[in-house]
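Note that the sequence shown covers residues 4 to 41 in my numbering.
Okay, so here's the structure we're looking at.
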Amino acid sequence: MQIAMIGAGYVGLVTGACFSEFGANVTCVDKDFDKILV
C-alpha cells in the first residue's frame with residue numbers, strides 16, 4: 004500500500020510512522036522544507 008501524507012506536522016508524522024510500521028510505503032509532503040529535513 005502507498006500512502007501520501009500532506010502535512011508533516013505532529014499528526015502527519017505520527018500517522019505516517021504508524022502506517023509505516025504496518026508495512027505501508029509512506030511519503031510525507033509539507034510546504035515547510037525544514038520539516039522534511041528531520
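Note that CB positions come from ideal geometry on N, CA and C, so glycine has one too.
Treat the numbers as computed from the prediction; the structure is a model and nothing was measured.
Integer Cβ distance of residue i from residue j, believed to fall under 8 Å
| i | j | result |
| --- | --- | --- |
| M8 | G26 | About 16 Å separates the two Cβ atoms, so there is no contact after all. |
Given residue i as reference, the closest of the options once Cα atoms are compared
| i | options | result |
| --- | --- | --- |
| V17 | Q5, C31 and M4 | C31 |
| F36 | C21, S23 and A11 | A11 |
| V22 | D33, K34 and I6 | Here the sequence assigns Phe to residue 22, which means Val is not the residue at that position. Among D33, K34 and I6, the Cα nearest to that of F22 belongs to I6. |
Limits of the alpha helix (DSSP H) - the one that residue i falls within
| i | result |
| --- | --- |
| A20 | Y13 to E24 |
Counted within 10 angstroms of its Cβ, other Cβ atoms place residue i as buried (16 or more) or exposed
| i | result |
| --- | --- |
| V14 | exposed |
Extent of the continuous beta strand (DSSP E) to which residue i belongs
| i | result |
| --- | --- |
| M8 | Q5 to I9 |
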